[in-house]
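Read in order, the letters of the sequence shown correspond to residues 23 to 301 in our numbering. Accompanying notes for the structure given below.
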Amino acid sequence: MSNNAPFQAAALVRSRMPANFAPRVAMILGSGLGVLAEQMADAVTIPFDELPGFPISTVHGHAGAMVIGTLAGVQVVCLKGRGHFYEGYGLGVMTSAVRTLKLLGVDFLFVTNAAGSLRPEVDAGSLVALTDHINFLPGTPMIGPNDERFGPRFFSMANAYDAELRQLLKDTAAGKNITIHEGVYIAYSGPNFETPAEIRAFKTLGADVVGMSVVPEVVPARHCGLKVVGVSVITNLAEGLSPFPLSHEQTLKYAAVGAESLIKLILGFLENVAKTPKA
23 MSNNAPFQAA ALVRSRMPAN FAPRVAMILG SGLGVLAEQM ADAVTIPFDE
73 LPGFPISTVH GHAGAMVIGT LAGVQVVCLK GRGHFYEGYG LGVMTSAVRT
123 LKLLGVDFLF VTNAAGSLRP EVDAGSLVAL TDHINFLPGT PMIGPNDERF
173 GPRFFSMANA YDAELRQLLK DTAAGKNITI HEGVYIAYSG PNFETPAEIR
223 AFKTLGADVV GMSVVPEVVP ARHCGLKVVG VSVITNLAEG LSPFPLSHEQ
273 TLKYAAVGAE SLIKLILGFL ENVAKTPKA
């Protein structure tokens with residue numbers, strides 16, 4: 023993959039943007055959550071296969087397209103779908119895409135995903151605002167030569183999930199009477215679901231939710247100075263915590279249930295963002 027792929031992709035996106043369009047927020051929409059992009063005004067859609075450096079998704083429920091437009095009065099760039107480590111792309115599967123978002127000038131990245139809950143009281147359909155993560159993938163997206171155009175060789179992961187943005191999210195949820203939990207996300211490589219013993223180990227490590235994405239996006243985002251806010255839609259209790267067998271079909275079913283609340287939350291959150299000055 024060319025080191026210049028993010029610059030090439032950003033140039034292509036700018037050539038298709040409406041006049042005077044300056045996106046403020048980037049969003050990555052996980053399993054079953056792409057419906058949010060359908061609510062955007064003046065939307066322009068660009069398939070991932072037209073964007074240099076973007077992953078071509080092989081997963082049902084991940085559309086693989088960038089949609090730019092206006093949502094709740096805010097100019098946004100949405101990625102419908104994402105690439106995953108388990109698809110064979112490597113840990114840098116989302117690095118070029120995230121850097122493209124940075125080059126487009128957004129203030130921050132909002133990541134959403136479907137995840138399993140390690141807490142029995144946080145059941146399917148619940149929303150969890152991410153406070154931090156544990157990287158249980160075999161390495162990090164930043165392994166290899168560092169690209170100084172985007173960030174330093176060594177960088178901090180403190181406040182990786184921005185506390186101020188999370189507070190705005192929580193305030194929005196309270197105003198909309200939406201219940202939102204908080205928790206630590208642990209990234210597992212997949213594509214198989216975790217064993218009951220692994221889930222017990224993850225709980226001991228301090229994880230609250232488990233999934234197969236997020237970390238390959240958040241690490242390069244922090245490397246290039248993008249703030250991050252993240253929400254998991256709980257689609258199931260993790261293996262060993264429920265009598266029901268896990269499946270991708272179940273993931274999509276409960277992602278749709280949780281998406282209803284999440285869409286309401288995101289629209290309210292963006293309305294509040296629109297009231298605050300651009301960074």
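Yeah, the Cβ is synthetic: ideal placement off N, Cα and C, and Gly gets one too. Computed from a predicted model, the values in this text were never measured in an experiment.
Contact check, Ile285 vs Gln61, beta carbons under 9 Å: Taking the first residue of the sequence shown as 1, we reach residue 285 at position 263. Taking the first residue of the sequence shown as 1, we reach residue 61 at position 39. Between Ile285 and Gln61, the CB-CB gap stays under 9 Å.
Collapsed DSSP secondary structure at Val240 in the structure displayed: Here the question's residue 240 lines up with position 218 in the sequence shown. DSSP places Val240 within a helical segment (H, G or I) once states are collapsed to three.
Of the residues Leu51, Lys300, Lys297 and Lys249, the one placed nearest Arg121, counting alpha carbons only: Against the sequence shown, residue 121 aligns to sequence position 99. Just measuring C-alpha positions, the residue of Leu51, Lys300, Lys297 and Lys249 sitting nearest Arg121 is Lys249.
Coil, strand or helix - Met23 by DSSP: Along the sequence shown, one-based indexing puts residue 23 at 1. Because Met23 sits at a pLDDT of 45, beneath the cut-off of 50, its placement in the model cannot be relied upon, and the point is left open.
Closer than 8 Å: Gly112 CB and nearest the ligand FAD heavy atom: The ligand FAD is absent from the structure shown, which contains no ligand whatsoever.
At least 3 beta-carbon pairs within less than 8 Å: the region 244–260 vs the region 183–195: Result yes; three or more Cβ-Cβ pairs closer than 8 Å.
Residues near Ala33 in its chain [Cβ-Cβ closer than 7 Å; skip 5 each side]: Locating residue 33 in the sequence shown gives position 11, where the first residue counts as 1. Hits under 7 Å: none found.
Limits of the beta strand (DSSP E) - the one that Lys249 falls within: Mapped onto the sequence shown, residue 249 falls at position 227. Unbroken beta strand (DSSP E) run through Lys249: Lys249 to Leu259.
Residues near Ile208 in its chain [Cβ-Cβ closer than 6 Å; skip 5 each side]: As a position in the sequence shown, residue 208 is number 186, starting the count at 1. If we look at Ile208 and ignore the five residues flanking it on each side, its Cβ neighbours are Ile156, Phe158, Phe224, Ala229 and Val232.
Assigned secondary structure, His106 (DSSP; H/G/I helix, E/B strand, else coil): Reading the sequence shown from its first residue, position 84 is the one you call residue 106. Per DSSP, reduced to three states, the secondary structure at His106 is coil, with no helix or strand assignment.
Among Phe176, Ser37 and Gly86, nearest to Leu126 - alpha-carbon criterion: Indexing the sequence shown from 1 puts residue 126 at position 104. Of the listed residues, the one whose Cα sits closest to Leu126 is Ser37.
Euclidean distance between Cα positions of Pro265 and Glu72: The sequence position of residue 265 within the sequence shown is 243, counting from 1. The sequence position of residue 72 within the sequence shown is 50, counting from 1. So the two alpha carbons sit approximately 43 Å from each other.
Residues of its chain near Ile68, where Cβ-Cβ distance is below 7 Å and the 5 sequence neighbours each way are ignored: Here residue 68 is taken as the residue at index 46 of the sequence shown, counted from 1. These residues qualify, in order along the chain: Val35, Arg38, Ala87 and Met88.
CB of Gly75 within 9 Å of CB of Pro238, strictly: To locate residue 75, count along the sequence shown from 1; it is residue 53. To locate residue 238, count along the sequence shown from 1; it is residue 216. At least 9 Å separates the beta-carbon of Gly75 from that of Pro238.
Classification of Asp193 by the beta-carbon crowding that lies within 10 angstroms, buried from 16 upward: By one-based count along the sequence shown, residue 193 stands at place 171. Under this definition Asp193 is an exposed residue.
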